[in-house]
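Counting with the working numbering, you get residues 1 to 156 for the letters of the sequence shown. A virtual CB, placed ideally from N, CA and C, is assigned to each residue, including glycine. Heads up, the thing below is written out as structure tokens.
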Amino acid sequence: MSSSFDNAWCTPLATLGGLGRLTAMPGTVGSVAAFLVALLVPIPLWAIAAVAVVGGIAADVHARRTENPDPPEVVIDEVVGTWIAMFGHSPANALGALFLFRVLDIVKPFPVCTLERLPGGVGIMADDIAAGVGANLILHGLLWLFLRGGFASFFG
């Protein structure tokens, strides 16, 4: 892939137009940007999948160009992870989804830590996808346990 191809869309997409270069906490900035977009416009599952695929390609091209297997300025993976964490939850629970995603993305429990080691754009995306799925499931579980009857629904 040529440098002009990269400059045309790969680096801008991977870094959210350079947003990933603005701070020492690019992952948090990318996640908050995704969070705000999803609050304004619900993101359908097909769009999350499309951004994951195209973003993974862009992240891979950018990582190869910079010779860094996981460049910190690449934040399209945080966008996908945040949207997955928020998917199917009401706006009232969106902040909880964002918080849980950031915790899992930073702490990287199994299997997130393992997926991060996959090569190229796949590895860049896979750990955030797993953290997003984990955050989504944990939030569903917490809501069920504390607000929707939880275990009492089995005995009542």
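The residues Gly81, Ala85, Phe101, Leu104, Asp105, Lys108, Val112, in chain order, have a CB closer than 8 Å to that of Ala131 in the same chain once the five nearest residues on each side in sequence are set aside. Around Ala14, the same chain offers Ala58, Ala59, His62, Val74, Ile76 as residues with beta carbons nearer than 6 Å, after the five sequence neighbours per side are excluded. In the displayed model, Arg21 falls within a helix according to three-state DSSP. Cβ contact annotation for Val51 (same chain, cutoff 8 Å, sequence separation greater than five): Ile76, Val79, Val80, Trp83, in chain order. Apart from the 5 residues on each side of it in sequence, Pro91 sits with its Cβ closer than 7 Å to the Cβ of Leu39 in its chain, given in chain order. The closest CA to that of Thr11, considering only Thr23, Ala47, Thr66, is found on Thr66. Sequence-distant Cβ neighbours of Asp127 in its own chain, meaning closer than 6 Å and more than five residues away, are Val112, Leu115, Glu116.
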